[in-house]
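Letter 58 of the sequence shown, counting from 1, is numbered 57 in numbering that gives the first Met the number 0, and no numbers are missing. Note that beta-carbon positions come from the ideal geometry of N, C-alpha and C, so glycine has one too. So the structure is just underneath, and the comments pick up after that.
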Amino acid sequence: MRFEADSISVNRGLRRVVQDVSFSLGEGDVLTVTGANGAGKSTLLRALCGLLPLAEGKLRLTSIGEGEDDPLIFREHLHYLGPQNAMKAALSVRENLSFWRDFSGGTVGLTIEEALSAVELPHVADLPFSYLSTGMKRRVAICRLLVSRKPVWIVDEPTSGLDSHSSELFSALCRAHCADGGILIAATHLPLGLGKAQTLEMKTLYTFIEGDEFFDAEEDA
């Protein structure tokens, strides 16, 4: 399996946010996306998942059969963990993870109990999500990646709110995912300790759209 981007660009409103990004990732590969706030890291990741349309270029996920050139189809093979935990506060941890397991599809992954044990939270399954600390909430959100199996993980600031020990737990899960042939794309300000990885540094663009034309504004405009 390969996940490839060919000269993709993404607009948000009248602004070009992502310009001419290309990469090619195979089984076990890691791409770290870096850059200042506002440089388009989150926009890029959402576009890779098919949550935002491409203005130009193509994405391709090979070896999945029909739909490998269509993000609306191949996103079924991707996990996306955004900066928000996307959990219902009033539901229990078990109910939240049950929802995400069923909604995400993919092949069967770890049980909820196994996933919670992997992030050292075996005791919280039946607690309301709202009862948890910030770090515990993030660890529960990470369990979404574990309860259904998908070959590509796309994660945006995954260690936000985690202490150093919990961050290392997440890194260990990523290493195991890649060792099993998975692909990881991570936007992060902090190193994940994943060894050899491709790096994509995003730059803030000051390119705007007027009709069918593009023009560059001064940075302080």
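Nearest residue (CA-CA) to Leu109, options Cys142, Ser132, Val17, Gly194: Cys142
Let's see if you can read the secondary structure: which residues bound the alpha helix (DSSP H) around Asp101? 92 to 103
Of the residues Leu53, Ser165, Asp155, Leu47, which one's Cα is nearest the Cα of Leu60? Leu47
Between which two residues does the beta strand (DSSP E) holding Glu167 run? Per DSSP, Glu167 belongs to no beta strand (DSSP E); it is in the alpha helix (DSSP H), 163 to 178.
Mapping the DSSP letters down to three states, classify Ser6 as helix, strand or coil. strand
Start and end residues, beta strand (DSSP E) containing Thr31: 29 to 33
Test item: CB-CB of Ile182 and Val154 under 9 Å: no
Could you work out which residue in Ser41, Phe73, Leu168, Ser97 is closest to Asp125 when comparing CA atoms only? Ser97
Ala196 to Ala54 span [Cα, whole Å]: 27 Å
The region 24 to 43 contacting the region 169 to 189, beta-carbon criterion three pairs below 8 Å: yes
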